[in-house]
Structure formats: structure tokens, C-alpha cells
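Asker:
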Amino acid sequence: DQQVKQNSPSLSVQEGRISILNCDYTNSMFDYFLWYKKYPAEGPTFLISISSIKDKNEDGRFTVFLNKSAKHLSLHIVPSQPGDSAVYFCAARSLFGNEKLTFGTGTRLTIIP
Amino acid sequence: DTGVSQNPRHKITKRGQNVTFRCDPISEHNRLYWYRQTLGQGPEFLTYFQNEAQLEKSRLLSDRFSAERPKGSFSTLEIQRTEQGDSAMYLCASSLAGRPTEAFFGQGTRLTVV
Chain A
1 DQQVKQNSPS LSVQEGRISI LNCDYTNSMF DYFLWYKKYP AEGPTFLISI SSIKDKNEDG
61 RFTVFLNKSA KHLSLHIVPS QPGDSAVYFC AARSLFGNEK LTFGTGTRLT IIP
Chain B
114 DTGVSQNPRH KITKRGQNVT FRCDPISEHN RLYWYRQTLG QGPEFLTYFQ NEAQLEKSRL
174 LSDRFSAERP KGSFSTLEIQ RTEQGDSAMY LCASSLAGRP TEAFFGQGTR LTVV
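Respectively, the protein sequence lines represent chains A and B. Each residue of the first sequence is one higher than the one before, starting from 1 at the first, in the working numbering. Each residue of the second sequence is one higher than the one before, starting from 114 at the first, in the working numbering.
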């Protein structure tokens with residue numbers, strides 16, 4: 001039962017262009033969504049989050065959009081830089097889940113110089 | 114370094130052996146989580162502590178797994194009678210209750226059961 005889905009295992013984007021990573025979820029009780037970035041042999045690093053009462057949150061080059069009716073969120077990175085190459089995980093917190101996170105399977109982003 | 118620290122970073126063990134991993138959270142964090150990540154998957158929740166109390170365990174945590182957090186500081190995760198299916202990256206994260214966006218992960222312990 002995959003409650004958080006990232007349907008694109010990989011994505012390649014030219015340096016300087018926009019990277020768009022997508023995430024879908026099924027559990028209506030999720031109230032907080034987070035994006036993590038992971039380099040090989042390291043733990044996930046928190047990137048940006050959004051509460052379910054908002055539809056957009058922006059932090060520098062990173063913007064997360066939430067469409068509750070579609071149960072869909074996306075992470076936009078603009079402009080993309082070579083250091084952005086990593087695996088990106090979408091995660092969600094349930095209102096009644098004691099703040100544990102449910103993760104998607106990840107999208108490997110490669111920025112082409 | 115004041116981040117979450119996990120030891121060892123890598124562990125290779127023979128099937129049937131017991132292994133123990135350690136996690137040292139950020140000192141003021143009262144919540145500590147264990148996750149497991151297998152190849153091609155995202156991290157999956159195993160268990161979590163608030164201070165020294167273990168408050169939730171996933172169904173993924175079979176009877177061979179046990180976790181402790183004595184005195185609400187560091188935590189250990191023990192796997193008894195390891196099986197090849199236990200091979201994974203074991204991740205620890207810590208946070209303050211009510212502040213989930215500030216959950217910090219350690220670098221993980223990669224377990225290989227041969």
C-alpha cells in the first residue's frame with residue numbers, strides 16, 4: 001500500500017533550466033508534506049515543506065506546490081545547478097501519525113552541465 | 114559536530130548472527146525515529162521514541178528486532194538471528210515534538226547479511 005508515490009524514478013535536466021519533481025498521495029489525513037534530498041552514502045537532508053492549508057511555499061530556488069483536490073504536490077527547482085544532482089524523496093506526515101513520515105520511492109535528478 | 118550520529122556506518126554479518134546499531138541524536142531532541150531503506154525504496158518507518166518511551170512500532174519490526182533508548186539519550190537497534198532480507202540502510206532521525214520539519218537524519222548504517 002504505497003500511500004506516497006513518485007512515479008518518475010529518474011529525471012535529467014539541463015543546467016540553468018527548471019527541474020520539476022512530482023509526488024502523488026492517497027491518504028487524506030496527511031497534513032504536512034516535506035521534500036528531502038539524499039546524496040549517496042548520506043542520510044536524507046530536509047529541503048522544504050508545506051502545510052496542507054497552503055498551496056505554495058517558496059525558499060530561494062525551491063518552490064513546492066500543493067494541489068489538495070488532486071492529492072498532488074510538486075517541487076520546482078530553478079535554476080537547476082549541478083549540485084542539485086541527488087535523489088529527492090517526497091514525504092508526508094499524518095495528522096494522527098505521531099509525526100512519523102511516509103516516504104515515496106524517490107526520484108533521481110541529474111543536472112547536465 | 115552536533116548532528117545525528119550513527120555507528121557503525123557499515124556492517125557485514127553472516128546470516129544468523131546478531132547485530133546492534135547505535136544512534137546518537139541531537140542532544141536537545143526528545144523524539145527519535147528509526148527507518149529502514151532498501152534498494153529502490155524510500156525510507157520506511159520502524160519505530161519511534163519520545164524520550165525513553167517507545168511509543169510506536171511498525172509491523173515491519175518483527176520479533177527479531179528490538180530498540181531501546183535508555184535515559185532518553187542515545188538509542189540502539191538490535192537485530193537477532195539476521196536474515197538476508199534484513200540487508201538495508203538503517204536510518205535514525207531526531208526532532209523536537211511538534212516540529213516535524215526539523216527532523217534531522219543521520220548518515221545511516223548499511224547492513225549486509227551474507
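By construction, the Cβ of each residue, glycine as well, lies at the ideal position given by its N, Cα and C atoms. In this text, all values refer to a predicted model and were calculated from it rather than measured experimentally.
Under 7 Å Cβ-Cβ, which residues of chain A neighbour Gly221 (chain B)?
Answerer: Here the neighbours are Gly43.
Asker: Just to confirm my understanding: we take Asn131 (chain B), look at its own chain, exclude 5 residues before and 5 after, and list those with CB closer than 6 Å. What are they?
Answerer: Hits under 6 Å: Gln193.
Asker: Strictly below 9 Å CB to CB, what residues from chain B border Phe103 (chain A)?
Answerer: Within chain B, the residues near Phe103 (chain A) are Tyr148, Gln150, Gln154, Gly155, Pro156, Glu157, Phe158.
Asker: Assuming contact is defined by CB atoms lying nearer than 8 Å, are Gly185 (chain B) and Phe89 (chain A) in contact in what I supplied?
Answerer: No.
Asker: Between which two residues does the beta strand (DSSP E) carrying His76 (chain A) extend?
Answerer: 72–77 is the extent of the beta strand (DSSP E) around His76 (chain A).
Asker: Name, in chain order, the residues that DSSP records as bridge partners for Phe24 (chain A).
Answerer: Before going on, a small fix: residue 24 (chain A) reads as Asp here, not Phe. Paired residue(s): A:Lys5, A:His72.
Asker: Using a Cβ-Cβ cut-off of less than 9 Å, give me the residues of the region 22–43 of chain A that come near chain B, in sequence order.
Answerer: The residues in question are Tyr32, Leu34, Tyr36, Lys38, Ala41, Glu42, Gly43.
Asker: Measure the CB-CB distance between Leu21 (chain A) and Thr107 (chain A) and report whether it falls below 8 Å.
Answerer: Yes; because the gap between Cβ atoms is below 8 Å, this pair is in contact.
Asker: Residues of chain A with CB under 9 Å from Phe187 (chain B), in chain order?
Answerer: Within 9 Å Cβ-Cβ: nothing; Phe187 (chain B) doesn't reach chain A, min ~16 Å.
Asker: Any contact of the region 19–37 of chain A with the region 50–70 of chain A, i.e. 3+ C-beta pairs under 8 Å?
Answerer: Short answer: they touch.
Asker: Cα separation between Ser85 (chain A) and Leu109 (chain A)?
Answerer: Each residue's alpha carbon lies about 5 Å from the other.
Asker: Bridge partners of Ser118 (chain B), per DSSP?
Answerer: The partner list for Ser118 (chain B) (beta bridge, DSSP) reads B:Asp137.
Asker: Between the Cα of Ile112 (chain A) and the Cα atoms of A:Glu15, A:Gln6, A:Val4, which residue gives the shortest distance?
Answerer: Looking at the Cα atoms, A:Glu15 is the closest of the given residues.
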